[in-house]
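J.:
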Amino acid sequence: MSTVHGEAGVAMKRLLALTLLLVSVSLLFQYSPVSANTYPITITQIRTLDSQGTPRSSFARGATAVIEVTIQAAAYGTSVSYLLIVEIFDSNGIVAFIGFVSDSVAPAQIKTSGAGYSIPASAPTGTYTARVFVWNGWPSVMGPSWEALAAPGQTTFQVT
Amino acid sequence: MADPCDEPRERVIELAPGRVARLAVLLLAPVIVALAVADSIREAYYGPTRRRMQLTVEKQAYRPGEEVRIYVKITSSILGILWETPVGGAPVGVEVRGRDGSLVYVDQGATDAQGLAEFFFKLPGNALNTEYVVHAASPGVSWEEAFGVTRE
């Protein structure tokens with residue numbers, strides 16, 4: 176009787192060990208896609224220009240600040256359709272402007288686009304922040320298929 | 054004189070615990086392993102699966118000028134709600150629109166080791182007295198939640 180119990184105990188221990196091993200391996204499998212966040216597009220440059228195309232870091236109220244964004248697609252894969260969003264926060268941290276453009280980029284291709292923000296005459300002065308996102312679409316439209324295609328980028332400029 | 058009921062009772066006590074435990078392990082372990090392995094292989098090859106998103110807006114109603122705080126938690130489940138683990142490093146996109154579709158705020162973040170991501174923005178002083186909808190998405194999962202702005 177004790178032999179049977181002993182064998183059963185050993186079998187159960189082996190089974191449990193095997194279960195733990197397989198579950199551990201499966202958890203490793205599960206997390207590998209998340210930790211490897213490689214984006215197909217890179218934001219290589221964000222510049223602020225005036226309406227003449229001259230790089231500037233300071234703008235008077237009433238002027239237009241152009242946020243110029245340069246992106247580059249990865250050398251591998253196929254053409255990628257993207258939504259590029261420029262969001263500007265005023266010196267109080269309140270969203271002052273959101274502009275966006277939809278386009279596509281071929282492998283290794285470099286593209287530059289811009290968004291113009293007309294600074295209101297009554298806008299607060301100080302440091303403004305422009306943040307740039309590259310997504311495959313709006314979360315409200317894409318739902319679970321939504322993806323970030325690039326790490327976000329940002330720059331600052333002064334409004335006087 | 055011994056109680057005639059003693060012997061059968063002893064048998065029941067001796068047999069039940071060992072057999073039930075063995076049966077439970079023998080039946081449940083392969084099922085759990087099969088589910089876990091199948092789910093993980095599916096996620097590894099077909100992208101995120103069985104993810105859950107909890108989207109919470111700190112308050113249901115705000116006043117213009119207040120800071121809106123949005124919390125996102127992403128978990129991955131292998132056995133429904135019985136086995137949920139936080140998903141760290143998952144990108145999260147947030148989009149806030151007024152009921153008229155006007156864009157109010159966008160942001161992108163990533164979950165931490167606890168599967169949490171936090172977003173916050175200030176409402177403008179002239180924010181419309183209406184309902185706003187927060188749309189949040191991450192590969193494999195999305196959710197939306199509403200909040201209101203009242204001037205009263």
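Quick mapping for you: the protein sequence lines, in order, are chains Y and P.
In our numbering, each number is its position in the first sequence, counted from 1, plus 175.
In our numbering, each number is its position in the second sequence, counted from 1, plus 53.
Here a beta-carbon is modelled for each residue, glycine too, at the ideal position from N, C-alpha and C.
Note that this is a predicted model, so its numbers are computed, not measured.
Taking the straight line between their C-alpha atoms, what separation do you get for Lys126 of chain P and Phe234 of chain Y?
T.: Cα atoms of Lys126 of chain P and Phe234 of chain Y: separation of roughly 40 Å, rounded to the nearest angstrom.
J.: To the nearest whole angstrom, what separates the beta carbons of Val194 of chain P and Leu181 of chain P, a pair I think is in contact under 8 Å?
T.: That belief does not hold up - the Cβ atoms of Val194 of chain P and Leu181 of chain P are roughly 29 Å apart, past 8 Å.
J.: Between Val78 of chain P and Leu190 of chain Y, how many whole angstroms is the CB-CB distance? I'm expecting something under 8 Å.
T.: At roughly 6 Å, the Cβ-Cβ gap stays under 8 Å, so Val78 of chain P and Leu190 of chain Y are in contact.
J.: Check each residue of the region 141-156 of chain P: if its Cβ is closer than 8 Å to any Cβ of chain Y, include it; give the result in chain order.
T.: Gly141, Gly142, Ala143, Pro144, Gly146, Val147, Glu148, Arg150 and Leu156
J.: Assuming the contact rule is C-beta atoms closer than 8 Å, Gly175 of chain P and Glu137 of chain P should be a hit. Round their C-beta distance to whole Å, please.
T.: The displayed chain sequence assigns Lys, not Gly, to residue 175 of chain P. Incorrect: roughly 33 Å between the Cβ atoms, too far for contact.
J.: Just checking my contact of Thr300 of chain Y with Val334 of chain Y at CB under 8 Å: how many whole Å lie between their CB atoms?
T.: 5 Å
J.: Taking just the CA atoms, how far does Arg104 of chain P sit from Ala249 of chain Y?
T.: 28 Å
J.: Does the distance from the C-beta atom of Val280 of chain Y to that of Val241 of chain Y stay below 8 Å?
T.: no
J.: Buried or exposed, going by whether 16 or more other CB atoms sit within 10 Å of the CB of Gly328 of chain Y?
T.: buried
J.: Relative to the alpha-carbon of His188 of chain P, which residue among Y:Thr330, Y:Phe308 and Y:Ser315 has its alpha-carbon at the smallest distance?
T.: Y:Ser315
J.: Run through the DSSP bridge pairs and tell me what Thr164 of chain P is partnered with.
T.: None, per the DSSP bridge assignment.
J.: Specify the secondary structure class of Arg236 of chain Y as computed by DSSP and reduced to three states.
T.: In the three-state scheme derived from DSSP, where H, G and I count as helix and E and B as strand, Arg236 of chain Y is classed as coil.
J.: Could you tell me the distance, in whole angstroms, from the CA atom of Tyr185 of chain P to the CA atom of Ser130 of chain P?
T.: Approximately 30 Å between the Cα atoms of the pair.
J.: Along the region 113-130 of chain P, what residues have a CB closer than 7 Å to any CB found in chain Y?
T.: Ser129
J.: Mapping DSSP to helix, strand and coil, what is Thr194 of chain Y?
T.: helix
J.: For a cutoff of 8 Å on Cβ pairs, would you count Val78 of chain P as touching chain Y?
T.: yes
J.: Is the beta carbon of Val309 of chain Y sitting closer than 8 Å to the one on Ile218 of chain Y?
T.: yes
J.: Just by C-beta distance, which residues in the region 155-173 of chain P are closer than 7 Å to chain Y?
T.: Leu156, Val157, Tyr158, Val159 and Gln161
J.: Would you list, in chain order, the members of the region 258-278 of chain Y that have their beta-carbon closer than 8 Å to a beta-carbon of chain P?
T.: Ile260, Glu262, Asn267, Gly268, Ile269, Val270 and Ile273
J.: Could you tell me the alpha carbon to alpha carbon distance between Phe264 of chain Y and Pro139 of chain P, rounded to whole angstroms?
T.: 31 Å
J.: State the start and end residues of the unbroken beta strand (DSSP E) segment that holds Pro139 of chain P.
T.: Its beta strand (DSSP E) spans residues Glu137 to Pro139.
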